[in-house]
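Here the structure is laid out as C-alpha cells; the discussion comes afterwards.
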Ligand code: NAP
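Residue numbers (our numbering): 11 to 308.
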C-alpha cells in the first residue's frame, strides 16, 4: 500500500533547516503522535519537527492554505477532519480514495496528496504480532472509519471471510455496499445480537474490535461476552488507551493471542513518515523502547 518509489513530501534541504510537520484535529491535546513522530525523527536524523495543532472545523480551510504556501511540509489528520479535508486536496492515493478518509497529507510538486496509512499500519501491526490474515475467518466488530480501513487491509491480505457486525446494522450494510462485487463476496453482515454465538464457533479465528467500547466511560465494558473467546484465536483491539481493555483481558485469560491498538498507531505513523521523507524506515531495533515510551505517556 506504500508505493514502491516514494516522492518525498519535503525535498531534503541543506544546513539545519527543519521542515514542519503536524497532526491536526479537534481535540488534539491527548494525541500521542508528536511523541511518536519526534522520537522517530530523532532516531533517523530526519530534517523535520512535528507538533500538534488544534484545528477546529471552521479553520480547516486556513490550515490547508498554509499547507499550500509551504508553511508545513505535511500533516497527519485526525478526528473530525479525516473526511472533511478530502475536497480541499488535489489527489487521493489508494486506499484513501476507497476508504473515503485521509490521515496523511503530503505535498508533491505543490500538489496536496491525501493518503490513508491506517490500513497498512494495521497490516504491519498484525505481522509484528505474528497474526496471519491470509485465508482466515474474521469477526470484525464496528463499521466506522477504522473498520472501513480494516476491511481493505483484510481483503488485501487475503482474508477468507469477514463477518462484519455493527450495533447499527445499516452502517455495516452501507460499508459492504461500497465494496466491489468481488470484495462483497467475502464480506458477510452479522447482526449485533449474533456476534457472541458466531465468535464461539471454532471457525472464527480472529476477532477485531474497532468499536469504541472499552474507552472512556465504557472502560468496564467489552463488545463481546467472556464466553466468546477460545484458546488459539487471535483478539485485536484497536483501542490503545487503556492499553489493556476488558475485551483483551478476557481474551488473554481464555488463551487467545492478543494485540492492542498501539502497534497500529506506531506503524500508521511510521508509514506517514516514510511518505514525507521518501525513505524506508526500519524500527525493529527501537520498537520495544518506543512502545514502552508511548505506554508510559498514556
Ligand atoms: P467511529 O467512526 O466513530 O465508529 C465508532 C464505532 O463504534 C461504530 O461502529 C459504533 O457503532 C461503535 N460504537 C460506539 N459505541 C458503541 C456501543 N456502546 N456499543 C456498540 N458499538 C458502539 O470511530 P472510528 O474512527 O472507527 O474509531 C473506532 C475505534 O478505533 C476508536 O476506539 C479509535 O480510538 C480506534 N482507532 C484506533 C486506531 C489505531 O491506530 N490504533 C486508528 C483508528 C481508530 P454504531 O455505528 O452503531 O454507532
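Positions of the beta carbon are idealized from the N, C-alpha and C atoms, including for glycine.
Notebook entry, point to check: Should the stretch 92–103 be regarded as contacting the stretch 122–138, the criterion being three or more beta carbon pairs within less than 8 Å?
Noted result: When Cβ pairs closer than 8 Å are counted between the two stretches, the stretch 92–103 is seen to touch the stretch 122–138, the count reaching three or more.
Could you give the DSSP three-state label for residue 102: helix, strand or coil?
Residue 102 sits in a strand when the DSSP states are folded into three classes.
On the three-state DSSP scale, how would you describe residue 91? DSSP places residue 91 outside both helix and strand once states are collapsed to three, so it counts as coil.
### Query
Where does residue 41 sit, in a helix, a strand or coil, going by DSSP?
For residue 41, the three-state secondary structure derived from DSSP is coil.
Practice item. Quick one: which unbroken beta strand (DSSP E) runs of 3-plus residues sit fully inside the stretch 113–158? Chain order, please. Key: Qualifying beta strand (DSSP E) stretches, in chain order: 114–118, 121–125 and 147–151.
Exercise. Taking 8 Å as the cut-off, does the CB of residue 157 come closer than this to any heavy atom belonging to ligand 1?
Worked result: In this structure, residue 157 has its CB closer than 8 Å to one or more heavy atoms of ligand 1.
To the nearest angstrom, report how far apart residue 29 and residue 81 are at their CA atoms. The alpha-carbon of residue 29 is positioned some 8 Å away from that of residue 81.
Exercise for the section: Assign residue 30 to one of three DSSP states: helix, strand, or coil. Expected result: In the structure shown, residue 30 sits in a strand (DSSP, three-state: E or B).
Practice item. Tell me, please, whether the stretch 49–56 touches the stretch 278–292 by the rule of three or more beta-carbon pairs shorter than 8 Å. Key: Counting Cβ pairs under 8 Å, three or more are found: they touch.
**OP:** For residue 166, name the three-state secondary structure that DSSP assigns.
**Re:** Looking at residue 166 - three-state DSSP - the assignment turns out to be helix.
- [ ] Give the secondary structure of residue 297 by DSSP, where H, G and I count as helix, E and B as strand, and everything else as coil.
- [x] Residue 297 carries a helical assignment under DSSP once its states are collapsed to helix, strand and coil.
Residue 225 - partner residues in DSSP beta bridges: Per DSSP, 223.
Contact between the stretch 82–89 and the stretch 239–247 (3+ Cβ pairs under 8 Å): By the Cβ test, the stretch 82–89 is not in contact with the stretch 239–247, since fewer than three Cβ pairs between them sit closer than 8 Å.
Subject >> Cβ separation of residue 164 and residue 157, assumed to be a contact under 8 Å, to the nearest whole Å >> reply: So it is not a contact: roughly 10 Å between Cβ atoms.
Practice item. Measure the C-alpha to C-alpha separation of residue 13 and residue 38 and round it to an integer number of angstroms. Key: With a pLDDT of only 46 at residue 13, under the threshold of 50, the placement of this residue in the model should not be trusted, and no figure is reported.
**Asked** Taking all protein chains shown into account, do 16 or more other C-beta atoms lie within 10 angstroms of the C-beta of residue 65, making it buried, or fewer, making it exposed?
**Response** Buried is the label assigned to residue 65, since at least 16 other Cβ atoms lie within 10 Å of its Cβ.
Notebook entry, point to check: DSSP beta-bridge partners for residue 245?
Noted result: DSSP lists 217 and 268 as partners of residue 245.
field: Nearest-angstrom Cα separation, counted from residue 184 out to residue 46
entry: Separation of residue 46 and residue 184 (C-alpha to C-alpha, rounded to the nearest whole angstrom) is 34 Å.
Item to check | Burial state of residue 212 (16 or more Cβ within 10 Å) | outcome: Label assigned to residue 212: exposed.
* To do: List the DSSP bridge partners of residue 59.
  => Answer is 30, bridged to residue 59.
#### Entry: Burial state of residue 284, where buried means 16 or more other Cβ atoms lie within 10 Å
It is buried - the Cβ of residue 284 has at least 16 other Cβ atoms within 10 Å.
- Look up residue 21 in the DSSP assignment and say whether it is helix, strand or coil. No answer about residue 21 holds up, because its pLDDT of 46 lies below 50 and its placement is not dependable.
_Please report the straight-line C-alpha distance between residue 154 and residue 248, rounded to a whole angstrom._
Residue 154 and residue 248: Cα-Cα distance of roughly 12 Å.
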